[in-house]
Amino acid sequence: NGAKPLAGKKAIVTSGPTHEPIDPVRYIANRSSGRQGHAIAAALAALGADVTLVSGPVSIPDPAGLNVIHVERAEEMRDAVLAALPADIAVMVAAVADWRVASASDQKIKKHPGESIPTLALTENPDILKTVGHHTQRPKLVIGFAAETQDVESNARAKLERKGADFIVANDVSPSTGIMGGTRNRVKIISHDGVEQWPDLDKDEVATRLAALIAGTIMQR
Ligand code: C5P
183 NGAKPLAGKK
193 AIVTSGPTHE
203 PIDPVRYIAN
213 RSSGRQGHAI
223 AAALAALGAD
233 VTLVSGPVSI
243 PDPAGLNVIH
253 VERAEEMRDA
263 VLAALPADIA
273 VMVAAVADWR
283 VASASDQKIK
293 KHPGESIPTL
303 ALTENPDILK
313 TVGHHTQRPK
323 LVIGFAAETQ
333 DVESNARAKL
343 ERKGADFIVA
353 NDVSPSTGIM
363 GGTRNRVKII
373 SHDGVEQWPD
383 LDKDEVATRL
393 AALIAGTIMQ
403 R
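The sequence shown begins at 183 in UniProt numbering and counts up by one.
Set out below in C-alpha cells:
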C-alpha cells in the first residue's frame with residue numbers, strides 16, 4: 183500500500199512540555215511549543231498509522247483524526263505512554279522536566295514579608311524514552327530527540343545508547359538559532375549506522391521526512 187505504508191501500525195508520540203506543580207498555582211516546566219511533536223503525530227497518521235499522541239500542556243490545537251491524551255506531569259505522561267503499549271513505533275518528542283518538586287504543596291505557598299524565602303527540594307522524574315527503549319514490550323522502532331546547546335552529535339550518540347533508541351533526532355537549540363518556539367528546525371538524524379544532516383526545514387517538513395524514514399525503516403524489519 184504505497185500511499186498508506188503505515189496502515190495497521192500503531193504509533194505513540196509524546197509532545198509538549200510537562201508541568202510539575204510547586205503548589206496549586208505554580209509549576210516548573212521546560213520550554214516547548216509542541217509544534218514538532220504534534221506535526222510528527224499528524225505526519226504518521228497521514229501515512230496510515232494509528233497514532234496516540236500524549237501531549238503536555240500546549241496552546242496549539244489537537245491534530246485531527248488521532249487519539250490525543252492530555253497530561254500535565256511527567257509521571258502522568260509515563261503512565262499514558264505505558265498504557266498505550268504495545269505499539270510498533272514510539273517517537274518521544276516531549277520536553278519532559280527532568281525533576282519535579284519532591285513534595286508539592288496542596289495549598290498555595292504564602293509570601294510572608296521579612297521571613298525566609300522558600301527553597302524547593304527536587305526529585306528525579308521518570309525517563310520515559312529510556313523506559314520505553316528498554317521495555318519488555320519495546321516497540322520495533324524507538325525514536326528520541328536531543329535538544330542540545332553544545333556538542334550536539336556526541337551528546338546525541340551517547341543518548342542513543344543510554345536510552346535504547348534506534349534514532350536520535352538532534353538539534354541545536356542555542357537561543358541564537360530561533361528553533362525553540364519557532365516554526366523551523368535543522369536536525370541531524372543519528373542512528374547506529376551513522377549520521378545524516380538535514381537542511382533547515384519547516385517543522386512540518388521535518389515531520390514529513392521523519393515519517394517517511396520511519397515507514398521505510400519499519401518495512402525492512
Ligand atoms: O535526556 P534528555 O532529556 O536530553 O533526552 C531527550 C529525549 O528523551 C527526548 O526524546 C525526550 O522526549 C526524552 N525524555 C523522556 N523522559 C524524560 C526526559 C527525556 O522521555 N524524563
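The beta-carbon is built from N, C-alpha and C at its ideal position, and this holds for glycine as well.
Residue interval of the beta strand (DSSP E) (run including residue i)
i, result
"residue 236", "232 to 237"
"residue 288", "Where residue 288 is concerned, there is no enclosing beta strand (DSSP E), given that its DSSP letter is neither H nor E."
"residue 205", "201 to 205"
"residue 192", "192 to 197"
Contact set for residue i: own chain, Cβ-Cβ below 7 Å, skip 5 residues either direction
i, result
"residue 326", "274, 311, 341, 345, 347, 350"
"residue 252", "237"
"residue 319", "267, 268"
"residue 250", "235, 237, 244"
"residue 403", "322"
"residue 399", "323"
"residue 305", "281, 282, 284"
Span of the alpha helix (DSSP H), counted from its first residue to its last, around residue i
i, result
"residue 240", "Counting along the chain, residue 240 falls outside any alpha helix (DSSP H), and DSSP gives it neither H nor E."
"residue 385", "385 to 401"
"residue 213", "Taken as a continuous stretch (DSSP letters only), residue 213 belongs to no alpha helix (DSSP H), as it is neither H nor E."
Neighbourhood of residue i by C-beta distance below 6 Å, restricted to the same chain and skipping five residues each side
i, result
"residue 232", "192"
"residue 272", "194, 314, 321, 324"
"residue 230", "186, 188, 189"
"residue 224", "245"
Close beta carbons around residue i, own chain, < 8 Å, minus the five adjacent residues each side
i, result
"residue 128", "Missing from the structure shown is residue 128; the chain here goes from 183 to 403 and no further."
"residue 213", "199, 277, 362, 363"
"residue 391", "380, 383"
"residue 242", "215, 216, 217, 220"
Within the stretch 254 to 326, note down every full beta strand (DSSP E) run reaching 3 residues or more, in order along the chain. 271 to 274, 281 to 283, 304 to 306
Would you list, in sequence order, the uninterrupted alpha helix (DSSP H) runs of no fewer than 4 residues that lie entirely inside the stretch 329 to 376? 334 to 345
Check whether the stretch 205 to 213 and the stretch 279 to 298 are in contact - that is, three or more C-beta pairs closer than 8 Å. These segments touch.
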